[in-house]
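Reviewing the structure listed below.
Residue numbers (our numbering): 6 to 222.
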């Protein structure tokens, strides 16, 4: 009888131990899914957002390069899936920004060359673009078209935003997209129309980014 009681007690203790471990794991999972700012998931979320920013910059630059290589009169369309950048809550929690905006511009990089910049910035208050080092928030992708378009305010049709580089305070012009207007699949249309100046325009209703390049203009 004593042996039976000890076994029952042992089984009960083991069950409670396993139950306790499972409860801790469940609580951690709930916290992780909730993207609590104090949990490791915030860092993971920030990495996923950064990867998507870089992917968007690559998609734009690659499409521009394709059109540039084909010459005047050419046109190309690219579709890119968007998950994190279209969720304001993810951006706020992962990057600690307020009323986030997706900033897109085009120009030179400190190491040379030209290309597309994509950054998530504050929609209200102070917002700066950081290209290098700690706090970097601007992701760049090189393209064949050599132009510093971020210096020209007329290129950015709508919604135009004005920011500054954090390293030198120089004014930067570009587009400031509301994440909530991004579709799950963003359409990027680039053309080279010699009869038109360089222009970038985002149509939130259609979920479409339209770009015209004019290397000879």
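The beta carbon of each residue, even a glycine, is placed where N, CA and C say it ideally should be.
Computed from a predicted model, the values in this text were never measured in an experiment.
Which term fits residue i, buried or exposed, when burial requires 16 or more other beta carbons within 10 angstroms of its beta carbon?
{"i": "residue 10", "result": "Unreliable positioning characterises residue 10 in this predicted model, as indicated by a pLDDT of 42, which lies under 50. A coordinate reading is not provided."}
{"i": "residue 176", "result": "exposed"}
{"i": "residue 28", "result": "Bear in mind that the predicted position of residue 28 carries a pLDDT of just 49, short of 50, making it too unreliable to give a figure here."}
{"i": "residue 68", "result": "buried"}
{"i": "residue 121", "result": "buried"}
{"i": "residue 207", "result": "buried"}
{"i": "residue 137", "result": "exposed"}
{"i": "residue 199", "result": "exposed"}
{"i": "residue 98", "result": "buried"}
{"i": "residue 84", "result": "exposed"}
{"i": "residue 56", "result": "exposed"}
{"i": "residue 52", "result": "exposed"}
{"i": "residue 143", "result": "buried"}
{"i": "residue 116", "result": "exposed"}
{"i": "residue 76", "result": "exposed"}
{"i": "residue 201", "result": "exposed"}
Going by the CB atoms, is the gap between residue j and residue i shorter than 8 Å?
{"i": "residue 184", "j": "residue 96", "result": "yes"}
{"i": "residue 166", "j": "residue 127", "result": "no"}
{"i": "residue 211", "j": "residue 123", "result": "no"}
{"i": "residue 192", "j": "residue 110", "result": "no"}
{"i": "residue 100", "j": "residue 72", "result": "no"}
{"i": "residue 155", "j": "residue 181", "result": "no"}
{"i": "residue 278", "j": "residue 90", "result": "No answer is possible for residue 278: it lies beyond the span of the chain, which begins at 6 and ends at 222."}
{"i": "residue 197", "j": "residue 161", "result": "no"}
{"i": "residue 86", "j": "residue 133", "result": "no"}
Since residue i is in the alpha helix (DSSP H), which residue starts that stretch and which ends it?
{"i": "residue 98", "result": "93 to 100"}
{"i": "residue 73", "result": "46 to 75"}
Could you please give me the residues that DSSP links to residue i through a beta bridge?
{"i": "residue 81", "result": "195"}
What is the residue span of the beta strand (DSSP E) that residue i lies within?
{"i": "residue 216", "result": "213 to 217"}
{"i": "residue 180", "result": "176 to 182"}
{"i": "residue 89", "result": "Per DSSP, residue 89 belongs to no beta strand (DSSP E) and is neither H nor E."}
{"i": "residue 189", "result": "Per DSSP, residue 189 belongs to no beta strand (DSSP E) and is neither H nor E."}
Item checked: Ordered list of beta strand (DSSP E) runs contained in the segment 98 to 173, each at least 3 residues -> Taking only runs of at least 3 residues, the beta strand (DSSP E) segments lying wholly in the segment 98 to 173 are 106 to 113, 119 to 126, 143 to 148, 161 to 163, 165 to 170.
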